[in-house]
Ligand code: AMP
Ligand code: MN
Ligand code: MN
């Protein structure tokens, strides 16, 4: 897919990612914005996000121009959905999807069935930002675009650590860093540095974690009381599940936070032996082989039991 060819006749484009946006989601939407601004100064471009993007990404060009509301009076010729595996992941952006003349989807989730008019889904890619790079003409990539693409790849690959990094991913990263921005600084400031309370809550989650299935699984949970006590939001809990996974012998790590009464957001990470996207899909979620998520109802222990059953099936 060549993105410029796909929007050739468009005069207006709306861009959005998924609900509760992560690094790849914010970066991919802002990468497309910056790229289209460089290539097409006649185009009206709107970036929409249902939920506030994490402020750590405020250095990305266009961050302050992301819209949290939309006007039903405005119509867009093209809507571009990014990093979203299905329509329900779009949240309020669904309005754009339903009202645009043409819809385009660029993504890297294996579970994406291709819900738009034109779809480019590459489950082998590290991130949506990596997939996007292949749709861009080099001449319209500037430092701002490169910074966005780099940030997305860094965040979805756990700083180039996960198995979703291929030779191609590394080559793209190599080309991006040539634009001369502070790559180590971006990694440090957006991936590793956490606030004091975030580190405290991470400590609590590790302290209260439980090993089960002979040490092959680990689980921990943060409830609403704890979130209120530390005054943190769900987006501040990103990364805890990766720390749980870095426990010797563990094959699957599960982290949950309480969204409401008997309602949990579950994050799962795997070392490869268990496909956690399949486990999540049983309960209506999705994601990737080694990183998946789902929202579930029930008590903490009900949920652990339900997930364990599915994990065990794959371990046999
Ligand atoms: P998370 O655990 O939220 O960091 O998500 C890990 C991966 O699973 C990401 O690629 C998400 O896009 C995906 N994911 C998370 N939650 C859901 C969900 N409810 N439905 C489908 N995919 C999800
Ligand atoms: Mn994402
Ligand atoms: Mn992604």
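Residue numbers (our numbering): 17 to 332. For each residue, glycine too, the CB sits at the ideal point set by N, CA and C. This one's a predicted model, so the numbers in the text were calculated from it and none came from an experiment.
{"Asked": "The beta strand (DSSP E) with residue 156 in it runs from where to where?", "Found": "Looking at the DSSP string, residue 156 is not in any beta strand (DSSP E), and its letter there is neither H nor E."}
{"Asked": "Using 10 angstroms around the beta-carbon of residue 146, count the other beta-carbons present and answer buried if the total reaches 16, otherwise exposed.", "Found": "buried"}
{"Asked": "Output the boundary residues of the alpha helix (DSSP H) element that contains residue 21.", "Found": "19-22"}
{"Asked": "Below 6 angstroms CB to CB, which residues in the same chain sit around residue 193 once its five sequence neighbours on both sides are set aside?", "Found": "199"}
{"Asked": "Per DSSP, what are the beta-bridge partners of residue 123 in this structure?", "Found": "137"}
{"Asked": "DSSP on residue 249, reduced to helix/strand/coil?", "Found": "coil"}
{"Asked": "Hey, how far is the Cα of residue 305 from the Cα of residue 297?", "Found": "11 angstroms"}
{"Asked": "Kindly indicate the opening and closing residues of the beta strand (DSSP E) around residue 313.", "Found": "307-313"}
{"Asked": "Given a threshold of 16 other Cβ atoms within 10 Å of its Cβ, counted over all protein chains shown, does residue 247 qualify as buried or as exposed?", "Found": "exposed"}
{"Asked": "Between residue 261 and the rest of its own chain, which residues show a CB-CB distance below 6 angstroms, the 5 nearest in sequence each way excluded?", "Found": "269, 285"}
{"Asked": "For residue 76, which residues from the same chain have a beta carbon less than 6 angstroms from its beta carbon, with the 5 sequence-adjacent residues on both sides left out?", "Found": "46, 164"}
{"Asked": "In chain order, what residues place their C-beta within less than 6 angstroms of a heavy atom belonging to ligand 3?", "Found": "40, 99, 124, 143, 144, 172"}
{"Asked": "Check this for me: beta carbons of residue 44 and residue 148, under 9 angstroms apart or not?", "Found": "yes"}
{"Asked": "Kindly list the residues whose CB is nearer than 7 angstroms to the CB of residue 214, restricted to its own chain and excluding five residues on each side of it in sequence; keep chain order.", "Found": "248, 252"}
{"Asked": "Pick from 130, 201, 93, 133: whose alpha carbon is nearest that of residue 73?", "Found": "201"}
{"Asked": "In chain order, which continuous runs of the beta strand (DSSP E) of length 3 or greater are located wholly inside the region 151-234?", "Found": "226-228"}
{"Asked": "Does any heavy atom of ligand 2 sit closer than 8 angstroms to the C-beta of residue 33?", "Found": "yes"}
{"Asked": "Starting from residue 264 and walking both ways along the alpha helix (DSSP H), at which residues does that stretch end?", "Found": "That residue, residue 264, is in no alpha helix (DSSP H); it is neither H nor E in DSSP."}
{"Asked": "To test your reading of the DSSP string, which unbroken beta strand (DSSP E) runs of 3 or more residues are found completely within the region 25-88?", "Found": "28-32, 60-64"}
{"Asked": "I'd like the span of the beta strand (DSSP E) that includes residue 297, first residue to last.", "Found": "Segment 292-298 is the alpha helix (DSSP H) holding residue 297; no beta strand (DSSP E) there."}
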